[in-house]
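Novice:
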Amino acid sequence: KQEVTQIPAALSVPEGENLVLNCSFTDSAIYNLQWFRQDPGKGLTSLLLIQSSQREQTSGRLNASLDKSSGRSTLYIAASQPGDSATYLCADSSMNYGGSQGNLIFGKGTKLSVKP
Amino acid sequence: ETGVTQSPTHLIKTRGQQVTLRCSSQSGHNTVSWYQQALGQGPQFIFQYYREEENGRGNFPPRFSGLQFPNYSSELNVNALELDDSALYLCASSLMPSGAYEQYFGPGTRLTVT
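These protein sequences, in sequence, are chains A and B. Note that our numbering has the first sequence beginning at 1, numbered continuously upward. Note that our numbering has the second sequence beginning at 117, numbered continuously upward.
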């Protein structure tokens with residue numbers, strides 16, 4: 001059974017710090033891995049999607065990496081700001097999941113708080 | 117281009133009642149997936165619809181059912197509501213059902229069962 005784990009569950013940092021969020025997955029046969037941001041009570045905002053053939057993607061202050069062999073992805077946030085405070089979720093699209101090849105499997109998220 | 121929309125935004129129901137949630141897919145997308153997100157958890161896959169047929173289902177009981185219409189919009193129906201059904205329900209659309217295609221999420225419907 002494919003599982004996605006995110007560590008840490010919560011993280012509090014002072015403004016300006018660079019930080020890394022971790023995501024691990026048990027099945028390396030994935031189509032892609034995606035990072036989302038979720039503000040309290042809101043839906044999901046897609047941040048970065050990494051195809052299985054790629055090693056990393058960048059958008060502004062965000063950089064996501066993918067290492068299928070070790071079953072890990074990291075989201076790097078540079079120069080954090082209070083506006084970055086949110087829950088960050090990773091999800092993969094497994095080739096082997098029995099329910100449907102099209103569904104995403106999510107971790108529980110990392111709740112980030114950036115203090116001014 | 118219109119993104120994924122969901123209605124209603126919020127809903128309060130009583131245990132045992134039935135509820136219908138609606139989702140309009142992004143233009144050109146023929147696949148809709150539904151997810152349930154309980155408080156403090158990641159979203160869990162409920163089912164997917166492709167060309168008006170169910171195309172895969174997660175570990176949810178039959179009282180969770182759905183429909184997809186010719187314009188690719190979709191409904192999620194939940195019968196005999198239980199307190200544990202309280203959650204944020206998210207729908208996502210994609211160009212095709214394969215996991216190779218990115219899913220685009222709507223803002224969600226917050227369901228509270230009392």
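Using N, Cα and C, we set each Cβ at its ideal position, and we do this for glycine too. These figures come from a predicted structure and were not determined experimentally.
So with CB distances below 9 Å, who are the chain B contacts of residue 71 (chain A)?
Specialist: Within the first sequence, numbered from 1, the residue matching residue 71 (chain A) stands at position 71. Neighbours of residue 71 (chain A) on chain B: none; closest Cβ ~17 Å, over 9 Å.
Novice: Using 8 Å as the Cβ pair cut-off and three pairs as the minimum, do the segment 163 to 179 of chain B and the segment 120 to 128 of chain B touch?
Specialist: no
Novice: To which residues of the same chain is residue 82 (chain A) closer than 8 Å at the C-beta, ignoring the five residues directly before and after it?
Specialist: Along the first sequence, one-based indexing puts residue 82 (chain A) at 82. When the five nearest sequence neighbours on each side are left out, the beta carbons in the same chain lying within less than 8 Å of the beta carbon of residue 82 (chain A) are those of 15, 114, 115 and 116, in order along the chain.
Novice: Looking at chain A, is there any beta carbon in it that lies within less than 8 Å of the beta carbon of residue 157 (chain B)?
Specialist: Within the second sequence, the letter at position 41 stands for residue 157 (chain B). Yes, because at least one Cβ of chain A sits closer than 8 Å to the Cβ of residue 157 (chain B).
Novice: According to DSSP, what are the bridge partners of residue 17 (chain A)?
Specialist: As a working note, residue 17 (chain A) is residue 17 in the first sequence. Answer by DSSP bridge pairing: none, since residue 17 (chain A) is not bridged.
Novice: With 8 Å as the threshold, decide whether the Cβ of residue 154 (chain B) is near any Cβ in chain A.
Specialist: Counting from one through the second sequence, the residue named residue 154 (chain B) turns up at place 38. It does not: the Cβ of residue 154 (chain B) has no partner Cβ on chain A nearer than 8 Å.
Novice: In terms of DSSP beta bridges, what is residue 74 (chain A) paired with?
Specialist: Here residue 74 (chain A) refers to the residue found at position 74 when the first sequence is read from its first residue. Answer is A:22 and A:65, bridged to residue 74 (chain A).
Novice: Roughly how many whole angstroms lie between the Cα atoms of residue 148 (chain B) and residue 173 (chain B)?
Specialist: Position 32 of the second sequence, counted from the first residue, corresponds to residue 148 (chain B). Position 57 of the second sequence, counted from the first residue, corresponds to residue 173 (chain B). Going by the C-alpha atoms only, they are around 12 Å apart.
Novice: For residue 150 (chain B), which of B:136, B:200 and B:129 has the nearest alpha-carbon?
Specialist: Here the question's residue 150 (chain B) lines up with position 34 in the second sequence. The residue with the shortest Cα to Cα distance from residue 150 (chain B) is B:136.
Novice: Looking only at its own chain, which residues have a Cβ that is under 7 Å from the Cβ of residue 232 (chain B), when we skip the five neighbours before and after it?
Specialist: Outside the displayed span of chain B (117 to 230) sits residue 232 (chain B), for which this structure offers no information.
Novice: In chain order, what are the residue ranges of uninterrupted beta strand (DSSP E) at least 3 long that sit wholly in the segment 156 to 209 of chain B?
Specialist: 160 to 166, 169 to 173, 180 to 184 and 190 to 194
Novice: Whose C-beta lies closer than 8 Å to the C-beta of residue 142 (chain B) among residues of the same chain, with five residues either side of it excluded?
Specialist: As a working mapping, residue 142 (chain B) is identified with position 26 in the second sequence. Within the same chain, and ignoring the five residues on either side of residue 142 (chain B) in sequence, the residues whose Cβ sits closer than 8 Å to its Cβ are 117, 118, 119, 120, 209 and 220.
Novice: Of the residues that make up the segment 212 to 224 of chain B, which ones have a beta carbon closer than 9 Å to any beta carbon in chain A?
Specialist: 212, 213, 214, 215, 216, 217, 218, 219, 220, 221, 222, 223 and 224
Novice: Hey, out of A:10, A:12 and A:25, whose CA is closest to residue 69 (chain A)'s CA?
Specialist: Within the first sequence, residue 69 (chain A) is the residue found at index 69, counting from 1. It is A:25 whose Cα lies nearest to the Cα of residue 69 (chain A).
Novice: Quick one: is residue 196 (chain B) buried, meaning 16 or more other Cβ sit within 10 Å of its Cβ, or exposed?
Specialist: Within the second sequence, residue 196 (chain B) is the residue found at index 80, counting from 1. Taking all protein chains in view, the Cβ of residue 196 (chain B) is surrounded by fewer than 16 other Cβ atoms within 10 Å, so the residue is classified as exposed.
Novice: Classify residue 92 (chain A) as helix, strand or coil using the three-state DSSP reduction.
Specialist: Locating residue 92 (chain A) in the first sequence gives position 92, where the first residue counts as 1. Reduced to three states, the DSSP call for residue 92 (chain A) is strand.
Novice: Around the Cβ of residue 175 (chain B), are there at least 16 other Cβ atoms within 10 angstroms (buried) or fewer (exposed)?
Specialist: As a working mapping, residue 175 (chain B) is identified with position 59 in the second sequence. Classification for residue 175 (chain B): exposed.
Novice: State the beta-bridge partners of residue 4 (chain A) as determined by DSSP.
Specialist: Residue numbering aside, residue 4 (chain A) sits at position 4 when the first sequence is read from its first letter. Answer by DSSP bridge pairing, in chain order: A:25.
Novice: Are the CB atoms of residue 215 (chain B) and residue 94 (chain A) within a distance shorter than 8 Å?
Specialist: Along the first sequence, one-based indexing puts residue 94 (chain A) at 94. Along the second sequence, one-based indexing puts residue 215 (chain B) at 99. Taking 8 Å as the Cβ cut-off, residue 94 (chain A) and residue 215 (chain B) qualify as a contacting pair.
Novice: To the nearest angstrom, how far is the alpha carbon of residue 207 (chain B) from that of residue 152 (chain B)?
Specialist: Within the second sequence, the letter at position 91 stands for residue 207 (chain B). Within the second sequence, the letter at position 36 stands for residue 152 (chain B). Using only the alpha carbons, I get a separation of about 9 Å.
Novice: Name the chain B residues that come within less than 7 Å of residue 1 (chain A), Cβ to Cβ?
Specialist: The sequence position of residue 1 (chain A) within the first sequence is 1, counting from 1. Correct list: empty, because the minimum Cβ distance to chain B is about 10 Å.
Novice: Which first and last residues belong to the beta strand (DSSP E) in which residue 111 (chain A) is found?
Specialist: Position 111 of the first sequence, counted from the start, is the residue given in the question as residue 111 (chain A). It spans 110 to 115 - the beta strand (DSSP E) in which residue 111 (chain A) sits, taken as one unbroken run.
Novice: With C-beta atoms as the reference, is residue 51 (chain A) less than 8 Å away from residue 90 (chain A)?
Specialist: On the first sequence, residue 51 (chain A) is found 51 positions in, with the first residue counted as 1. On the first sequence, residue 90 (chain A) is found 90 positions in, with the first residue counted as 1. No, these two residues do not count as a Cβ contact at 8 Å.
Novice: Please determine, among A:105, A:88 and A:76, the residue with the shortest C-alpha to C-alpha distance to residue 10 (chain A).
Specialist: The residue you call residue 10 (chain A) lines up with position 10 of the first sequence. Residue A:88 is the option with its Cα nearest to residue 10 (chain A).
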